[in-house]
Every structure is written in C-alpha cells, then in structure tokens.
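Residue numbers (this note's numbering), protein chains in the order written: chain D, 1 to 302; chain P, 1 to 313; chain R, 1 to 494.
Ideal Cβ placement from N, Cα and C applies to all residues, glycine included.
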Amino acid sequence: MSTAVAPIPMAAATAEVQRSHRRLRRRHFTASALTYIGIGIFVIFAVFPVYWMFITTFKQNADLYNLDGNPFWFNMPATWDNVNLLLHKTNFIRWCINTLEIAVLVVAITLLVAIPAGYAFARLRFRGSNTLGIGIFLTYLVPPTLLFLPLSRVVTALHLQDTIWSLVVIYPTFTIPFCTWLLMGFFKSVPKEIEEAARVDGCGRGLAVMRVVLPISLPGIFSVVIFAFTLAMQDFVYALTFISPSDQKPVTLGVVSDLIRGDEFFWGSLMAGALIVAIPVTIAYNFFLDHFVQGITGGAIK
Amino acid sequence: MALAQELQIPIARTRRPLRHHLERESVLGYLLIAPAVLYILALVAYPFFLALWFSLSNATVGRPDAEFVGLDNFKWAIESDVFKTALKNTFIFTIVGELAKAVFGTILALLLVREFRGRRLARGLILVPWAIPIAIGSIAWKWMFDSTYSVINWVLVHAHLVAAPGPNWLGEIQWAMTSIILVNVWRGLPFTAIIVLAGLTSIPQEILDAAKVDGAGPWRRWNDVMVPVMAPVLFIAMLFSVVFTFTDMTVVYLLTKGGPGNLTHVLASFAFQTGILSAALGRGAAISLFLFPVMLGGALWLLNLLKRQELGV
Amino acid sequence: MEPGSHESLGRRAFLKRAAVLSLVPLLAACGGAAAPASSAPASPASAAAKPSSAAPAGSASAKPAASGGAAASGKPAASAAGGMDTNRTFAGSLSILQWSHFVPAYDTDYFDGWAKDWGAKHKVDVKVDHIALADIPARGAAEIAAKSGHDIIGWFAEGGPRLFEKDVLDVSDVVNALIAKNGQYIKAAEDLCKVGSAWRGVPDFYVPFPSLFRKDVMDKVGWTKGTLETWDDLLQFGTKAKAAGNPVGTALSDTSDGQMTWRSLMWSYGAFLTDETGTKVTLDSPETRQALDFAKQLYTQAMTPEVLSWDDSGNNRYLASGKGAWIYNPISAIRSIEDDKNPQSQELAKNIYIAQPLKGPKGQLMSPQFVVHTIMGWTKNADAAKQFLFDHKSDFETGFKASKGYNMPFEEKFSQPPMPVLSDDPKYKVLVGIEKTVHVIGYPGPNTVAANEALNQNVITTMFTDYAARNMSADAAIAKAVKAAQAIYAKAAG
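Here it is in structure tokens:
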C-alpha cells in the first residue's frame, strides 16, 4: 500500500517545487521588467531635454531655426562653432573657475557651520534650542526676490561688490539653514545607543561624534555637500546684483548674460555652457551617490 | 580627585578642565550653534527687518526713505486682481509640484536602490536635470516650449497625438501653468530622489532584517519600519522643498515672466515685477511678506507635529 | 561629580561670554581679510581692458591726441567754448553700465573701443560693463539701494532720470553745452530727461518701431499698394497674407515689443491711459473700444496665435523664419537677417522692406525704446563723467554708422536729411523723418513713475490680450485695466 502511494506525493512535490520555482522566476522577471521599465520612464523624462540640448550644441544656427528639419538630429552638418564661441570668445573658462572657487568655499563654510549646529539641535538640550532651531528655518520664509536689495547695502559696506567674495559671504545664508536642518535630521536617525556605546568606551563626546556619528551620517553629509554646491553654482539673482565685470562672473550668470543679446539667443553656445557645467557635476554627484548606496553600514536594501 | 572625595577632604578652587565645561550640554549647545545663528542674524535679520519696513511704507527704488503708511500696501494687495491670482498660483504650483516630486521621487529612489544592470548609468543620467543650472535649464525649456519651434510639439504632431501646430505652451494659461509645474518637477525630482535614497540607505540593515524575521511584508516594512526611521529626514526635506518652491521666482519668471497677462505669476515673481521692475518697493515687499505669518504659523504647527511624532515613536 | 559651587557658576557664565565675544574679532577679521582681496580687481587697467576688448577697437574715431595736450589741464570746464573742454585731463576711474546692443557691432567695433581711447586720452581708467537690457532695472535698483556702483548708467526703454531723480546728478551743463553744439532736441528728449528745470539725464538715442514687411508676399496676394500706411492697411493685407500662409505678427504679450506696439495703436486711435496731467485715468473711452475692436480683428483675421507667448525675440525669429509677412520692430530684425551669410537669409533680406509707423484715425503716433545716460550721485568723478558724455554725443555720425542706423538721434539737426546710412539706401531712407511720430510712455502726460509702473505691471498689454485673445468682454477688460491703473496712479499721488 505504501509503495503505491509514495511515488505520487514525490511527483506531486517535485511538480509543486517546479511550479513555485517558475512562479519565483516569473516574479523575479516581472520585478526586473518593472524595474527596467520604471527606470526607463524616469530616464527618458530626465534625459530627453538634455539630449535635445546636446544636439543643439552642435547644430548650426540655420539648422536650428529650420522649421522643417528634425530637431533631434542634424539636418545640416554638425559644427564645433558654438563650442568654440563659448570657449574662446567668452570668458567661459574664467567663469567656471570662479564658480568652482565660490562653490568650494561656500560648501566648506556651510559644513563648518552646519555640522556642529545640526548636531547641537539633534542631540543637545539647551534652553531656547527649539526657538532658535525654528528661527533658523524662518530665514527661508524671507523672500530672496527682495532680500537682494538690502543685501547689496551690506555687500557694499563690506567693500565686496564686484568680486566673488560677495557671493562667498552671501551664499551661506541660504545654504546654512537647510543644511543645518538636514544634518539635524540625519544625526537624529543615528541611534543614540551607538553614540552612547562609544562614549561608554571612554571617548569624549567629540571623539564619539567623529568616530561614530559622522561616518554613519556620511550619506547626509554628502547630500549636504551636493545641495550646497548646487545652490552655490546655480544662483543667478545675487550674482547679477553683486557682480558686473565679466571676468568676475560665475558661470550661470556669465552664460545667461553674455550669450543672450536681447533678440538673439546663442542657443548652441548656451546649451554647450549648460552641459559643460552639468556633466562633470553629475559625475561627481554620482560618485557621491555610490557612497550613499554602499554605505558604511552596508545598508543597501535588497 | 576621587580619592580626595572619598576622604571627604574639602576641595577648594579645583581647576576643572575646559573639556568638563564643554561637556555641559547647554554650553556646548550654544557654542555649536553660535556660528550659524550669528551668520544668519548678521546677514538675514537686517534685510528682513528692512523688508518689513518697506512693506509698511511707500518706499520706491528711487526713494527708499519714505513715509510710514501702515497696512496700505497690504490692503492694495488684497484688492489687486493680479495678487489674488498670484496667491492662488503659488499654492497650486507648490502643492501639485511637491506631490508629484514626493510620489515620483520616492518611486525613483526605491528603484535606484535595487541592483540592475546599468544602474550607475541610470543614476547619472537621472541626476543631470538637477545639475543643470536652473536659469539655463529654464531658458532651454522655454525654447522647447516655443510657440513656433517647440520640440515637444514637433514630437506630438509627428506622433499624430495632436493636430499641428500643437499647444501654445507658454501663451495659453492652462498650458502655461502645466509647463511651469513640469519644469519644476523635472528639475526637482532628482533631489527628492537623492534625499529619499539617503534616507533609505541610512536605515541600519539590522532593523530591516529584524523586521523581515518578524514576518513583516514589504508594505509593513515600509510603513512601520522604514518610514518612521526616515521620517525626520524626509519631513525636513519636504518642508524645505515646499518652502523653496513657494518662494521661487526663477522658473516662472524665465518661462513666462508671469504672463500671459499676469496670469501665471506667483508671489515671488509678482513681488519682483512690482518691487524692482515697477520700482514700487513698498508694495513689492508687502507681496513678499504677505504670507509670512501664514507660513510661520504653518511651519510652527508642522514642527510641533514632528516633535510630537518623535516623542510618540 | 557635579560642579555646583559658586566658582563654576561664575566660570560657566564667563566662558559663555568669552565664547560670544571671541567671535566678534573673528568676524571682523573675516571682513578685513576680504577687503584687500576686493580692492584688487577694482582699479587696475587690465581689468578695464577685459570687458571692453571683446574685439580690438578699429578706432576710426581717434581724436588727434597731439592737439591741446599741453594746453588744457588747468581750465575750469565752464569757461571753455560751449562749456565742455574736450582737452581736459582727469584722473581716477570711470565705470559705465549699459545694455548689450542689439547690433553687436556697435559695442564691439565702436563704443567699447571709443571709451577705452577716451580714457587713454583723458587719463581716466574707463570700464564699460554690458548687461542684458532686461537686467538693467534689477542691477540699477541694487546699486541705488547700496548707493554705490557704476558712475554712469545707460537706461534702456524705462527707468532713468525721472524715476531716480534724487540719485542722479544735474547734468544741465552737459546738455546745454550739447544743445549749443548740436542744436535742439525733439520734445521726447525733454520728456524723458528733464525734471522740472534741470536736465537729469543725457539723451543718447531712441529706437523707433517701423513696419517691416515682405514685399514678395504683397505681390503674391495682390496687394498693389506696395506698402502699409495705416493700421487698416495692415488689417486688410494681413488677412490676405494669412490666407496665403504668411500671417502677420506682433507680440500680444507683456514683453517690451508688445508694450510699444499696442500703445502706438491706442494712441493713433486717440485712446490714452491718462490725461495730459498724467494723474487721471482716462482709459475708459469709445476710442479705447475702437482700438480694442481693431486689435481683436487683427489678431483673429491676420495674426498667428504664436504671438501670445512671444518675448522680444519672437517677432524677429518669426520674420527670419520666412513665415512672417509683417512685424513691428526696430531694424535690428532685418540687420541680423542681412548679416547671416546663409543664402536663404540673403534671399529673404532682399524681400523685406520698411515703412513708417502706421497711421490711425487720430494720427501717427509711435512709442519708441530709448537709451539715456545718467550720472549717479555717488560718483567720485563727476567732471570726467560729464566730459565723457559730452564727448560721446559730440560725434553723431560715427556712432550712428556703427549702429547701422539703429540709434536714431534725438537731435533735430541730425534728423534732417540727408542722414548717413539711411538717406542713401532706397529701403532705409523711409525712416528719415520718423522722429515726428515719437511720443514717450505716459503720453499725453509726462513720463512719470506711475506711467512706468503701469508699463511694468502690463496694464495695457493685458487689456488687449484679454479682449483680443481671451474673449473677455470689452467692458470687463477695460474695467480690469482701469482698476489696476487707478490703484497705481492713486498711490503715486499720495
């Protein structure tokens, strides 16, 4: 009797296993397919304008203004003219250097000021911490469209007008508040136990922070760097207000102001400027993102 | 010292190390926040109070020392058609934009965390919109929306989705508003994704593993484990993103200058048009600061919410 | 071990205070450290050379440096002939802020080089900064707020002397000397630059808005008149042209071109925003309704809907695309087509002709853009600035030629035929005499702060667009505009 029954369950079991394997594979396949499709949609959405900008960089003007042509490919031969104009007939290189100087300094100032402040708000209790914390946040409610007028008085009083130093001093006003808060958030999500464990081991608070908290919050610090850098690189209004000599301009101001002459937009060169700035920055951000995802705690979620 | 205590020997004028004082939370706290607070005080408080003064006066650019007029400017604003439109638009653009960014940004982050071939490339490409300076990006979009040369219309027309010439993206009000929101989302999505990604990856793996061991499915894991841990970061990022969009002028101004017919203005761009271009500083300041009390109240309420949620968790 | 003794309490408080106090010298040091860095770019001659030498100056305008080099230094300006002695030398620096000219050659081949040469001759370190015209108001406002910045600002199409009366110097001596030399200005110059009895700005040039049209399209549709004289002509021709695939176009949006065009239309129909005093809003009138009706007809029958989103470059591009049969624009639109080496552009340029501003039932009135220079109150080199502006306007012809006929003179004498560049050109000579049509913003009232504000708040253009394209009723559109205008004018009065 048992021999008659035994093979059936085995076969059934095998079949069941096979079916569940297939289901698993299908689920994996569906999951990957969905992932690819999802990513694909986002990539197209993000990149389609960038691709167009890229083509425009190398298009001749007549091609660009030709209503009958295909905007996504070259209808006339491609040309380096626009890039040449950007690199040789404008102060583009100088502008990039200015921007780099400004951004690096602003990020440094921001980190120096925001990391301690963020930690203080996250971990320490002291009188008025709530009020001050909110107060710092409130600076964002002050509209920049008007701030630049009184700020121009401040800049002039400091004799910084028409130099990049005016921007180095002003930009942290809008990077510090947010970065402080962001870091506060990241520090808060570091479990207290880890930090306390380090202190019990004999580290003073400072050492505990440096050895334990900061490394865990590295993703947060990287986000802050990215954010502060982006803000410093992309501002236009303050740059316009405080800097007029062409060789002191940061790149965003320079490109927009020198490549648009009222009627005439030098589209090819404008797009070239945008891409030459954006691509290295993207690569750098991507590099930072690697560190996010790999993470010190190996926190990649499977 | 310990020995002296044990022996009950009175200790007079013992010098305590500086570090000891710094260990006190309050001193340390104040010291650590001092640079930030002082920086802000020096460079933001003064302009803010000046703007406040402007809003209560009839200052113009050519005559900034002017007379106090009380709440006249605010009264003007309430009665102004353009102001009402700008107010409405500010809320619409912000809410719709933020929702889109939050939802899609989270989806994107969840996708980016997975392993798949070409992940690095995808991540890089997706970041480009954020890296392109917004002023230049807006100008590029303006050209892509151009009523004669629009690339988007070219695609739509050639794909037979619309009849030629295609929507007038910047000339008709409904399309203009769509365009502005679109550019805002296009540009802001990578940032939201980065923040969520950073939040996701800072969740210690042990917690997640523990949840899995407890039998929590993906949705439970998300809701009950991941979101609470990421909450402070997400919340702050969202708050600031909202505030940024709320006070941003660039996209609107570069795409439509607030047109057509002053219909796509937001408060920030209308403030600029009034205060700087029309040189009516007092009224421009009033427009800018109009929502300040509201935003302040809203921010305080939200922050309280965060505090309570934290204590509850 | 809890430090609870009095000593530590005192120490704690002391530490706190010390920490705060120590930041003060720190901040001061930062400010101080920044200052020397900033003084470096402020004056060296090399910095002056960079922005103005985009192309090396082919200085045809070099004044003979030899003459009067020895003679002049000590003479006070007032006593020399005409009041301004062009042989004086000065010292120090002079910085000028003005727009990037639509005819780039004007900046690169003429003005920047001329300024540099002037500086060399007069021993002044001259720096010219060009910014986009759209950015001038913001930049100007910032400088005025800071009471510091460029010595001379060239305002484009708005702003300037009447708006910033308190922040600019009285330049009556310069202007009177120029009048003595070049003769009277047309009235528009006074409207723009004179406040009360004092000249607060030096007029540079105005930019007229003539018709630019396609003669070949006229032939194609059988428009035998060969030109356009009245707005009605435009409507009729435009209707035919649109049917033939070449609509006409002018910005029905808030951009500067639109502001000029629709004012020109309104005024030639006898419709005005205010009365002659410039304080009472008179927009609600039958003439306004007539003008609105015309605009609606023009838009629906003759124009392309693309005009709704045009900025200032929209109509230029429209003409350059070969599609547009007519636009209302300064001649920079044709010049850039002529300058394009492309054979299609060359062909297109041949077919574009010019006509004077269109006439309406109540006259031929046109609202131009313009450039006027003001010397800012904070300048440390007022005399040099005045001499600069005097010398700049003393030579009309070179500048005019460099602008390819774009910079129309405010001086009556220079507006008489024969004019360089224009009179000898069969196409362009139609522009001679255009100064008779010029009226400034605020007409028939003065060019006031309120008038400029109404311009920048798009009161008129919104009204036209509301009625012509957004199907608002005339009453509603006018009422909306009147309400906005009254709010502006009421504030100005009070």
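Next item on the list: Using a Cβ-Cβ cut-off of less than 9 angstroms, list which residues of the segment 274-297 of chain P approach chain D; keep chain order.
Entry: Here the close residues are Gly275, Ile276, Leu281, Gly284, Ala285, Ile287, Ser288, Leu289, Leu291, Phe292, Met295 and Leu296.
Note to self: Is Phe164/R close to chain P? Criterion is C-beta to C-beta, closer than 8 angstroms.
What the structure shows: Within the third sequence, the letter at position 164 stands for residue 164/R. Chain P contact via Cβ: present.
Margin query: What would DSSP say about Asp129/R, mapped onto helix, strand or coil?
Written below: The residue labelled residue 129/R in the question sits at position 129 within the third sequence. DSSP places Asp129/R within a strand segment (E or B) once states are collapsed to three.
Margin query: Distance check for Thr274/P and Ala268/P, CA to CA, integer angstroms please.
Written below: On the second sequence, position 268 is the one that residue 268/P refers to. On the second sequence, position 274 is the one that residue 274/P refers to. Answer to the nearest angstrom: the Cα atoms are 10 angstroms apart.
Next item on the list: Under 9 angstroms between beta-carbons, which chain D residues line up against Arg214/R? List them in chain order, please.
Entry: As a first step, residue 214/R is located in the third sequence; it is residue number 214 there, counting from the start. Neighbours of Arg214/R in chain D, taken as residues at a C-beta separation under 9 angstroms, are lacking, since the least C-beta distance is about 16 angstroms.
Checklist line | Three-state secondary structure assigned by DSSP to Ser20/D | finding: For the purposes of this step, residue 20/D is taken as residue 20 along the first sequence, with counting starting at 1. Looking at Ser20/D - three-state DSSP - the assignment turns out to be helix.
Margin query: According to DSSP, simplified to helix, strand and coil, what is Lys499/R?
Written below: Any question about residue 499/R goes unanswered here, given that chain R covers just 1 to 494.
Next item on the list: Would you tell me roughly how many angstroms separate the C-alpha atoms of Phe178/D and Asp72/P, rounded to the nearest one?
Entry: Position 178 of the first sequence, counted from the first residue, corresponds to residue 178/D. Position 72 of the second sequence, counted from the first residue, corresponds to residue 72/P. Their backbone Cα atoms lie some 34 angstroms apart in a straight line.
Check: What does Trp267/D touch in chain P if you count any residue whose Cβ is under 7 angstroms from its own?
Finding: Within the first sequence, numbered from 1, the residue matching residue 267/D stands at position 267. Simply Trp143.
Notebook entry, point to check: Which bits of chain R does Lys257/P rub up against, with CB to CB less than 7 angstroms?
Noted result: Numbered from 1 along the second sequence, position 257 holds the residue referred to as residue 257/P. Neighbours of Lys257/P on chain R, chain order: Asp254.
Item checked: Pick from Met76/D, Ser223/D, Ile243/D and Trp165/D that is closest to Ile136/R, judged by C-alpha positions -> Locating residue 136/R in the third sequence gives position 136, counting from the first residue. Ranking the options by Cα distance to Ile136/R, first place goes to Ile243/D.
Notebook entry, point to check: Among the residues of its own chain, which have a CB less than 6 angstroms from the CB of Ala233/D, if the five just before and after it don't count?
Noted result: Within the first sequence, residue 233/D is the residue found at index 233, counting from 1. The amino acid occupying residue 233/D in the given sequence is Met; Ala does not appear at that position. Hits under 6 angstroms: Thr99 and Ala103.
Check: Interface residues of chain P around Ser318/R at Cβ under 8 angstroms?
Finding: On the third sequence, residue 318/R is found 318 positions in, with the first residue counted as 1. Going by the sequence as given, residue 318/R is Tyr instead of Ser. Those within 8 angstroms of Tyr318/R in chain P are Thr148.
Next item on the list: Taking Lys89/D as the query, report the chain P residues whose CB atoms sit under 9 angstroms from its CB, ordered along the chain.
Entry: Your numbering for residue 89/D matches position 89 in the first sequence. Chain order gives no chain P residues near Lys89/D, where near means a beta carbon separation below 9 angstroms; the closest approach is about 18 angstroms.
Note to self: Distance check for Ser80/P and Glu453/R, CA to CA, integer angstroms please.
What the structure shows: Here residue 453/R corresponds to residue number 453 of the third sequence, with the count starting at 1. Here residue 80/P corresponds to residue number 80 of the second sequence, with the count starting at 1. The straight-line gap from Cα to Cα measures roughly 14 angstroms.
Check: Does any C-beta atom of chain P lie closer than 8 angstroms to the C-beta of Ile102/D?
Finding: Taking the first sequence and counting its residues from 1, the one referred to as residue 102/D is at position 102. Output row for Ile102/D: interface = no.
Checklist line | Tyr65/D: contacting residues in chain R (beta-carbon distance under 9 angstroms) | finding: Start at 1 with the first residue of the first sequence, and residue 65/D comes out as number 65. Chain R residues near Tyr65/D: Arg317, Ala320 and Ser321.
Check: Residues of chain R with a CB under 8 angstroms from the CB of Thr105/P: which are they?
Finding: The sequence position of residue 105/P within the second sequence is 105, counting from 1. It is Gly, not Thr, that sits at residue 105/P in the sequence shown. Within chain R, no C-beta atom comes nearer than 8 angstroms to that of Gly105/P; the closest sits roughly 30 angstroms away.
Check: Who are Leu97/R's beta bridge partners in DSSP?
Finding: Residue 97/R sits at position 97 when you count from the first residue of the third sequence. Listed as beta-bridge partners of Leu97/R by DSSP are Asp129/R and Ile153/R.
Next item on the list: Measuring only between beta-carbons, confirm whether Pro116/D sits less than 8 angstroms from chain P.
Entry: Along the first sequence, read from residue 1 onward, the residue named residue 116/D stands at position 116. Closer than 8 angstroms: yes.
Notebook entry, point to check: Mind checking if Gly171/P is an interface residue toward chain R, Cβ cutoff 8 angstroms exclusive?
Noted result: As a working mapping, residue 171/P is identified with position 171 in the second sequence. It does: the Cβ of Gly171/P has a partner Cβ on chain R nearer than 8 angstroms.
Margin query: Just to confirm the assignment: which complete beta strand (DSSP E) runs, minimum length 3, are found wholly within the segment 186-211 of chain R?
Written below: Within the segment 186-211 of chain R, the complete beta strand (DSSP E) runs of at least 3 residues are 202-207.
Check: Do Lys404/R and Val103/R come within 8 angstroms of each other at the CB atom, strictly closer than that value?
Finding: To locate residue 103/R, count along the third sequence from 1; it is residue 103. To locate residue 404/R, count along the third sequence from 1; it is residue 404. Yes, the Cβ-Cβ distance between Val103/R and Lys404/R is below 8 angstroms.
Item checked: 6 angstroms Cβ shell around Tyr253/P - same chain, five flanking residues per side excluded -> Working through the second sequence from its first residue, we reach residue 253/P at position 253. If we look at Tyr253/P and ignore the five residues flanking it on each side, its Cβ neighbours are Ser269.
Notebook entry, point to check: For Leu192/R versus Ala385/R, is the C-beta distance shorter than 8 angstroms?
Noted result: For the purposes of this step, residue 192/R is identified with residue 192 of the third sequence, where counting begins at 1. For the purposes of this step, residue 385/R is identified with residue 385 of the third sequence, where counting begins at 1. Between Leu192/R and Ala385/R, the CB-CB gap reaches or exceeds 8 angstroms.
Margin query: I'd like to know whether the C-beta of Phe370/R is nearer than 8 angstroms to at least one C-beta of chain D.
Written below: For the purposes of this step, residue 370/R is taken as residue 370 along the third sequence, with counting starting at 1. Residue contact with chain D for Phe370/R: absent (no Cβ-Cβ distance below 8 angstroms to any residue of chain D).
Checklist line | Three-way DSSP call (helix, strand, coil) for Phe272/R in this model | finding: The sequence position of residue 272/R within the third sequence is 272, counting from 1. Of the three classes helix, strand and coil, the one that applies to Phe272/R here is coil, per DSSP.
Notebook entry, point to check: Would you say Ser211/R faces chain D, with C-beta separation under 8 angstroms as the test?
Noted result: Numbered from 1 along the third sequence, position 211 holds the residue referred to as residue 211/R. Judged by the 8 angstroms Cβ criterion, Ser211/R is not in contact with chain D.
Next item on the list: Could you say if the segment 151-162 of chain R and the segment 368-379 of chain R meet the contact criterion of at least three C-beta pairs nearer than 8 angstroms?
Entry: Using a Cβ-Cβ distance cut-off of 8 angstroms, the segment 151-162 of chain R and the segment 368-379 of chain R are in contact, since at least three pairs of beta carbons, one from each stretch, lie closer than that value.
Checklist line | C-alpha distance - Leu275/D paired with Trp175/P, whole-angstrom precision | finding: Residue mapping note: residue 275/D aligns to position 275 of the first sequence, counting from 1. Residue mapping note: residue 175/P aligns to position 175 of the second sequence, counting from 1. Their Cα atoms are separated by approximately 27 angstroms.
Checklist line | N- and C-terminal bounds of the beta strand (DSSP E) containing Tyr328/R | finding: The sequence position of residue 328/R within the third sequence is 328, counting from 1. Counting along the chain, the beta strand (DSSP E) containing Tyr328/R begins and ends at Trp326 to Tyr328.
Note to self: To the nearest angstrom, how far is the alpha carbon of Thr110/D from that of Leu231/D?
What the structure shows: Taking the first sequence and counting its residues from 1, one reaches residue 110/D at position 110. Taking the first sequence and counting its residues from 1, one reaches residue 231/D at position 231. About 12 angstroms.
Next item on the list: Identify the contact partners of Leu176/D in chain P, using a Cβ-Cβ distance below 9 angstroms as the criterion.
Entry: Working through the first sequence from its first residue, we reach residue 176/D at position 176. A small correction: the amino acid at residue 176/D is Ile; Leu does not occupy that position in the sequence shown. Taking a Cβ-Cβ threshold of 9 angstroms, the residues of chain P close to Ile176/D are Pro35, Ala36, Tyr39 and Ile40, in chain order.
Next item on the list: Can you tell me which of Ala382/R, Gly270/R and Thr261/R puts its alpha carbon nearest to the alpha carbon of Lys362/R?
Entry: Locating residue 362/R in the third sequence gives position 362, counting from the first residue. Ranking the options by Cα distance to Lys362/R, first place goes to Gly270/R.
Margin query: Assuming Gly249/R and Gly324/R are in contact, meaning their beta carbons sit under 8 angstroms apart, how far apart are those beta carbons, in whole angstroms?
Written below: Indexing the third sequence from 1 puts residue 249/R at position 249. Indexing the third sequence from 1 puts residue 324/R at position 324. Contact holds; Cβ gap of about 5 angstroms.
Check: Interface residues of chain D around Arg139/R at Cβ under 8 angstroms?
Finding: Here residue 139/R corresponds to residue number 139 of the third sequence, with the count starting at 1. Scanning chain D for C-beta atoms nearer than 8 angstroms to the C-beta of Arg139/R yields Leu240, Thr241 and Ser244, reported in chain order.
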